Amino acid sequence: MVTMTTHQLHPIPALTDNYIWALHDGAQAWVVDPGQAEPVLAWLAAQRLQLAGILLTHHHGDHTGGVAALRAATAAPAWGPTGEPLPDGVQHVRGGERVALLGRSFEVIEVPGHTAGHIAWYCAGFAPASIDGPVDSAPGFASASELASAPAPGSAPDLVSVPAAASAPDPASARGQPLGPEGLLFCGDTLFSIGCGRLFEGSPAQMLASLDRLAALPDSTLVCCTHEYTLSNLRFARALEPEHPGLADHQRWCERQRQAGRPTLPSRIGLERALNPFLRSREPALRHALQRLAPKLALAGFDADAAPATPEALQTGLAAKPVFESAPRWTADVHAFTALRRCKDVFV
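Take 11 as the starting number for the sequence shown in my numbering and just add one per residue.
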């Protein structure tokens, strides 16, 4: 059952390309992964809201840098993953635990890979009444004027009409048509729109399993990633599959959004399952495309027929020259995912 509420979802631009997601009911607000305190405090003051709590997905500074100042200014409680070095006073949570947020219960999902203890926050059956999408205003944030490669703007749909998967069979989920979300997901740096996070501490097998967990959520779940990486990720996805009509269509929509100064987020799980190569690494068509691209990127240490542990070597760096004389044969899911992640790591 989907519960419509008066809650509003708001992305606060911060740092170079971060979004600090805020959820509020007109009186109180919660924020997710505040890498800076200043834009959050300014937004709270402008909206006349009280900060009621802070949720963290992992320990990186661009997600936690504002926690101490926010807690000093507001005394708001904070929750984050067990086993990660977090700011003083943050309460640690594990997978399956829940935190009450504005009358709703958010569940902790363990999604290691980007970091060893990375978590996501998920609320099933919850639909915010609206999604505010401000023109980017944070110092250093990539503005529309900086997107020189984008075409002239068209009439971008309102952000509340989050784009649906191009291949979705239900006409009600066509792009530009509102579709009540069946849940709300704050996924930090695990899942990006058309991409996924780099592997700083975890293994490819862990990241693949984490993405599988998120991909199993309902199609219309809103996906609140923490970075505006969508156009960069689309360039890689289209290099893999230049003829994919859904990718081309979504790229045009995202370019219009950014040209208008609007975020390309939140996304939807259904869209990501249809278009995101990191959720499709088991598909034969995607693997065939990867076999064509990988030799051009001079990957090191990858033997398609070796034991499953071998792909870990892909994280160590580039070879002096290409190592693929012919297209390799990927037979293991982890092998294919590892090669895909490494291709993205070196893609320019």
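From the three backbone atoms N, C-alpha and C, an ideal C-beta is built for every residue, glycine too. Small disclaimer: the values here were computed from a predicted structure and weren't measured.
- Query: Between the C-alpha atoms of G76 and H34, what's the straight-line distance to the nearest angstrom?
  - Reply: 19 Å
- Take V233 as the anchor and find which of E117, A215, I279 has the nearest alpha-carbon. I279
- Would you please state the rounded distance, in angstroms, between the beta carbons of W40 and L112? I believe it to be under 8 Å. 7 Å
- Task: Could you tell me if D222 is buried or exposed, where buried requires 16 or more neighbouring beta carbons within 10 angstroms of its beta carbon?
- Result: exposed
- Item | Per DSSP, the bridge partner or partners of S278 | It is Arg, not Ser, that sits at residue 278 in the sequence shown. Answer is L232.
- Kindly indicate which three-state DSSP category A52 falls into: helix, strand or coil? helix
- Query: Count the other CB atoms within 10 Å of the CB of D98; is the residue buried (16 or more) or exposed (fewer)?
  - Reply: exposed
- Item | 6 Å Cβ shell around W53 - same chain, five flanking residues per side excluded | I22
- Item | Opening and closing residue of the alpha helix (DSSP H) in which G71 lies | 71-74
- Message: So L218 and G193 are supposed to be a Cβ contact under 8 Å. How far apart are they, rounded?
- Response: Wrong, their Cβ atoms sit about 22 Å apart, outside the cutoff.
- Item | DSSP state of V356 mapped onto helix, strand, coil | helix
- Leaving out five residues on either side along the sequence, give the residues of the same chain with a beta carbon under 6 Å from the beta carbon of R104. T92
- Message: Just list the residues that DSSP pairs E117 with in beta bridges.
- Response: R108, Y132
- Message: Just to check my reading of the structure: A24 and G45 have Cβ atoms closer than 8 Å, yes? What is that Cβ distance to the nearest angstrom?
- Response: 5 Å
- Task: Using the Cα positions of L19 and A55, report the straight-line distance between them to the nearest angstrom.
- Result: 17 Å
- Message: Just to confirm, is the Cβ distance from L59 to Q38 under 8 Å?
- Response: yes
- Query: Is it right to say Q101 is buried, meaning 16 or more other beta carbons lie within 10 angstroms of its own, or is it exposed?
  - Reply: exposed
- For S242, does the three-state DSSP call read helix, strand or coil? helix
- Task: Taking V42 as part of the alpha helix (DSSP H), name the residues at either end of that continuous run.
- Result: No alpha helix (DSSP H) holds V42; the beta strand (DSSP E) holding it covers 38-42.
- Ordered along the chain, which non-local residues of its own chain (more than five positions away) have a Cβ less than 6 Å from that of P163? In this prediction, P163 has a pLDDT of 26, which is less than 50 and means its spatial position is unreliable; what the coordinates show is noted afterwards. R266, Q269, A270, listed in sequence order.
- If you run the structure through DSSP and keep just helix, strand and coil, what is P97? coil
- With 16 other CB atoms within 10 Å as the buried threshold, where does L350 fall? buried
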